[in-house]
Amino acid sequence: MGGGGVGKSALTVRYMHQIFVQSYDPTIEDSYRRNMTVDGITVSLEVLDTAGTEQFMSLSNLYMRSGDGFLLVFSLTSMESISELHTIREQIQRVKEATAPPGKSQRVPLVLVGNKLDLLSERQVGREVAVNLSKSWGGVPYYETSARKEINVNEIFEDVVRQMIKADHAT
Ligand code: GDP
Ligand code: MG
1 MGGGGVGKSA LTVRYMHQIF VQSYDPTIED SYRRNMTVDG ITVSLEVLDT
51 AGTEQFMSLS NLYMRSGDGF LLVFSLTSME SISELHTIRE QIQRVKEATA
101 PPGKSQRVPL VLVGNKLDLL SERQVGREVA VNLSKSWGGV PYYETSARKE
151 INVNEIFEDV VRQMIKADHA T
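Those letters in the sequence shown? Residues 1 to 171, per UniProt numbering, in order.
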């Protein structure tokens, strides 16, 4: 999840098909499935690439309820895009708390992703800003990625899945 144009589709397609898409229709919402193995455990991963519908609260509530883990993506070239993640993360917490079994406040598998690392000269968001945000969220893992240069793309999916497997074993 994340604002428009931050690279959600580019990261998803890079991970799923090992290619970089320069212009992916921002209105297309698609789900992808692939098997992956982390720490010797093979899972079937389904990824929903959300598309500009975040403002329609009811729809995004639905995604949040059905999602087991979330990549919260911003662009390192846009200060505004990292600010947008506050509301999205609050909304996820709210939805998950509302649907958690009573007395059980589970930790939601999250990864904070600063994308477009390759656009060095356009960078607006410093590493400390993002690290501080991830700390304020209780130590959510933070990665800087490039869908274009294929930096840390596998790592973000593996990290969130590792957290999902852990959460699953805890219940
Ligand atoms: P979405 O709206 O979050 O799905 O964003 P898109 O994946 O459609 O990407 C928006 C624009 O940013 C497109 O022109 C992409 O080619 C470009 N983009 C995405 N990721 C990267 C990246 O890592 N580096 C660079 N340079 N451009 C990127
Ligand atoms: Mg998109």
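A virtual CB, placed ideally from N, CA and C, is assigned to each residue, including glycine. Quantities reported herein were computed from a predicted structural model and do not represent experimental measurements.
Heavy atom of the ligand GDP within 6 Å of residue i beta-carbon
i           : result
residue 146 : yes
residue 22  : yes
residue 113 : no
residue 30  : no
residue 119 : yes
residue 6   : yes
residue 116 : yes
Whole-angstrom distance between residue j and residue i, CA atom to CA atom
i           : j           : result
residue 107 : residue 37  : 22 Å
residue 29  : residue 50  : 5 Å
residue 33  : residue 133 : 30 Å
residue 173 : residue 27  : Residue 173 lies beyond the range of the chain shown here (1 to 171); nothing can be said about it.
residue 165 : residue 119 : 33 Å
residue 46  : residue 157 : 11 Å
residue 153 : residue 138 : 23 Å
residue 31  : residue 60  : 15 Å
Nearest candidate by alpha-carbon position, reference residue i, set the options
i           : options            : result
residue 86  : 136, 141, 69, 48   : 136
residue 19  : 26, 25, 11         : 11
residue 143 : 149, 155, 150, 132 : 155
residue 169 : 88, 41, 83         : 41
Check: residue i C-beta below 6 Å from any heavy atom of the ligand SAM
i           : result
residue 166 : Ligands present in the displayed structure are limited to the ligand GDP and the ligand MG, and the ligand SAM is not among them.
Next on the checklist: Which residues end up in the neighbourhood of the ligand MG when you take C-beta atoms closer than 7 Å to any of its heavy atoms?
Outcome noted: 8, 9, 24, 26, 28, 49, 51
- [ ] Please determine if the stretch 126-136 and the stretch 92-102 are in contact, where contact requires at least 3 C-beta pairs separated by less than 8 Å.
- [x] no
| Are the stretch 108-116 and the stretch 72-86 in contact at 8 Å, needing three or more beta carbon pairs? | Here the stretch 108-116 lies against the stretch 72-86, with 3 or more beta-carbon pairs under 8 Å apart.
The stretch 59-67 in contact with the stretch 87-98 per 3-pair CB rule at 8 Å: yes
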